[in-house]
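In the working numbering, the protein residues as written are 1144 to 1313.
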Amino acid sequence: MARRLSYSARYEHPAEKIYQAQMQREYWDALMVQFRELTPISNVEEFESGDDGMRVVLKQTITRDMLPPVAQTVMKKDMVITRVETLGAFVADKTPGTYTASIPAGPGSLNGEQVLFPTETGCTVRKTTEVKVFLPFINGKLEQLMLINLVDLFRGEAEFTAEWVSKNLA
């Protein structure tokens, strides 16, 4: 049975600024440099942006010894995560997007939708995620572990984004 998570990142910046950041390769490259503190191999594999929106492919490698014991029972090699994020063309009241994460020979799936929208104090990015692990007996533990780590990831990305926008787009 899949598990779901809804996470909202609130920004003091207007939606246009957050969107503008994510439309730039420099933003994603800087994010991957930040990620290298946790996962030494983190790169932007592909990036496209234009009038229709943005698509980025990120690749991160978590060495097997960095994985929790329950994950090591499933993953016999380093975990290579390929993440694809999209944002559609900017819409003032609600800009939609998607994200997925996949692991070759991985035991599950992660899919999500995101929406960027303005608020009275700036804007919010709401991410709605569904994770599913296809291993009997430990699926619930792994799904919960994935969601906990996802909250940490989303929180860290939100802090990075707010700081990056303040420094680069103020």
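Just so you know, even glycine gets a beta-carbon here, dropped at the ideal spot from N, CA and C.
First and last residue of the uninterrupted alpha helix (DSSP H) at residue i
i            : result
residue 1310 : 1282 to 1311
residue 1164 : 1158 to 1165
residue 1169 : 1168 to 1178
Simplified DSSP assignment, three categories, for residue i
i            : result
residue 1234 : coil
residue 1211 : coil
residue 1181 : coil
residue 1273 : strand
residue 1256 : strand
residue 1264 : coil
Contacting residues, own chain, Cβ-Cβ under 6 Å from residue i (five flanking each side not counted)
i            : result
residue 1185 : 1175, 1178, 1179 and 1203
residue 1206 : 1221
residue 1252 : 1275
residue 1147 : 1273
residue 1152 : 1268 and 1301
Cut-off 7 Å between Cβ atoms - residues of its own chain near residue i, not counting five sequence neighbours on either side
i            : result
residue 1165 : 1197 and 1230
residue 1223 : 1202, 1204, 1246 and 1247
residue 1312 : 1160, 1163 and 1164
Endpoints, the beta strand (DSSP E) within which residue i is located
i            : result
residue 1250 : Neither: residue 1250 is in no beta strand (DSSP E) and is coded neither H nor E.
residue 1184 : 1184 to 1193
residue 1152 : 1146 to 1154
residue 1220 : Looking at the DSSP string, residue 1220 is not in any beta strand (DSSP E), and its letter there is neither H nor E.
Residues bridged to residue i [DSSP beta-bridge criterion]
i            : result
residue 1202 : 1186 and 1225
Own chain partners of residue i with C-beta closer than 8 Å, once the 5 adjacent residues on each side are dropped
i            : result
residue 1157 : 1261, 1265 and 1266
residue 1195 : 1231 and 1232
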